[in-house]
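Q:
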Amino acid sequence: MNAVHPSPDQWAKDLDLITAAALAAGEKAMTYFRRDPDVQWKNGGRSPVSEADYAANDILKERLLTARPNYGWLSEETDDDEARLGCETVFVVDPIDGTRAFIAGKDVWCVSVAVVHRGRPVAGVLFAPALGELFQAREGGLASKNGAAILVRAPRAGEMLKIALAEDTIVRLERGYRAGVSRISHVPSLAYRIAMIADGRIDGTVVKTNSHDWDLAAADLILEKAGGTLASLDGEPLSYNRPNVRHTVLCAAAEPLLPALIAAAQGLEGH
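Number 273 marks the last residue of the sequence shown (my numbering); no jumps.
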């Protein structure tokens with residue numbers, strides 16, 4: 003097991019490191035964006051991966067593991083190595099979150115990089131280069147977007163809540179809750195969708211079964227430091243770097259709004 007004994011400013015240093023790496027990876031991905039990159043299909047033909055995903059992944063892995071060789075590694079675009087389970091601190095990476103959007107030439111995709119320590123994220127970055135947006139957070143600090151602090155929205159009493167949901171999901175929410183919701187249409191990147199809660203553009207989202215650590219870890223911390231929470235339907239925070247990196251139905255919202263959203267989403271388990 004790697005022994006990481008973080009000093010008080012270790013996560014600040016790690017945030018600087020992953021920010022620089024994410025910026026470099028995003029700049030590399032942009033050289034392929036809207037230029038018809040080569041695309042392959044994985045997971046039985048269900049998930050696309052482009053040459054830009056692999057190129058960004060290579061930059062992240064080389065930069066991050068060279069700087070922190072005692073950290074573990076978990077990435078969507080790297081074969082899983084169970085050695086990560088023996089590491090108390092791990093990089094959790096999605097080189098391009100929102101690959102389908104990237105391939106289609108849409109702006110809403112991002113590079114997602116987190117440092118996870120003992121199961122929880124302690125530094126996180128989302129870089130959306132096509133939008134010119136950089137989200138950052140670390141343990142002991144605030145969440146920011148392009149260097150300015152961000153906070154979740156505080157809706158006024160009786161105001162419709164802006165919830166990002168698929169059409170086939172909103173119809174299964176509890177009817178009374180649904181009546182107070184204005185549905186936000188599909189956001190291709192799950193990480194970016196959670197960041198939209200953090201910066202107050204929307205109030206919440208429900209995440210379908212089968213999201214993964216790399217989709218969530220950086221966005222989870224950014225949301226937490228902006229005053230929100232990402233949790234399972236039992237209300238518990240997520241634990242990362244487990245043997246199984248998949249997650250069941252999740253809810254994300256500003257802290258005061260989360261219990262009602264979780265209650266309304268109970269019928270989604272198993273779908």
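Where is the CB? At the ideal position from N, CA and C, for every residue including glycine. In this text, all values refer to a predicted model and were calculated from it rather than measured experimentally.
1. Assign K44 to one of two classes, buried (16 or more other C-beta atoms within 10 Å of its C-beta) or exposed (fewer than that).
2. Name the residue from A130, N148 and A116 whose alpha carbon lies nearest to the alpha carbon of R140.
3. Alpha carbons only, please: which of L225, I199, F93 and M198 is nearest the one belonging to Y2?
4. Run through the DSSP bridge pairs and tell me what S114 is partnered with.
5. Please say whether L252 and L232 have beta carbons closer to each other than 9 Å?
6. Where does the unbroken alpha helix (DSSP H) through L240 begin, and where does it stop?
7. Taking only the alpha-carbon atoms, compute the straight-line gap between H273 and A166 and give it to the nearest angstrom.
8. State yes or no: is the C-beta of E79 nearer than 8 Å to some heavy atom of the ligand MN?
9. Identify the continuous beta strand (DSSP E) that holds G182 and give its terminal residues.
10. Measure the CB-CB distance between V189 and A254 and report whether it falls below 9 Å.
11. Tell me which residues share the same chain as V118 and place their Cβ nearer than 6 Å to its Cβ, disregarding the 5 neighbours each side in the sequence.
12. Tell me the rounded alpha-carbon separation between L240 and S52.
13. Whole-angstrom Cβ separation of F129 and A228, contact assumed at under 8 Å?
14. Need the endpoints of the beta strand (DSSP E) that R140 sits in, please.
15. Skipping 5 residues on each side, what residues in its chain have a beta carbon closer than 7 Å to that of R36?
A: So, from the listed chains and residues:
1. exposed
2. A116
3. Summary: the structure shown does not reach residue 2, with the chain confined to residues 3 through 273, and so no result is reported for it.
4. D96 and L128
5. yes
6. From DSSP, L240 is part of no alpha helix (DSSP H); its letter is neither H nor E.
7. Any answer about H273 is weak, because its pLDDT of 49 lies below 50 and its placement is not dependable; what the coordinates show is given next. Answer to the nearest angstrom: the Cα atoms are 17 Å apart.
8. Ligands in the displayed structure: none, and consequently the ligand MN is not present.
9. Element bounds for G182: n/a, residue is neither H nor E.
10. no
11. V92, V94, A219, Y242 and N243
12. 29 Å
13. About 17 Å separates the two Cβ atoms, so there is no contact after all.
14. E135 to R140
15. G107
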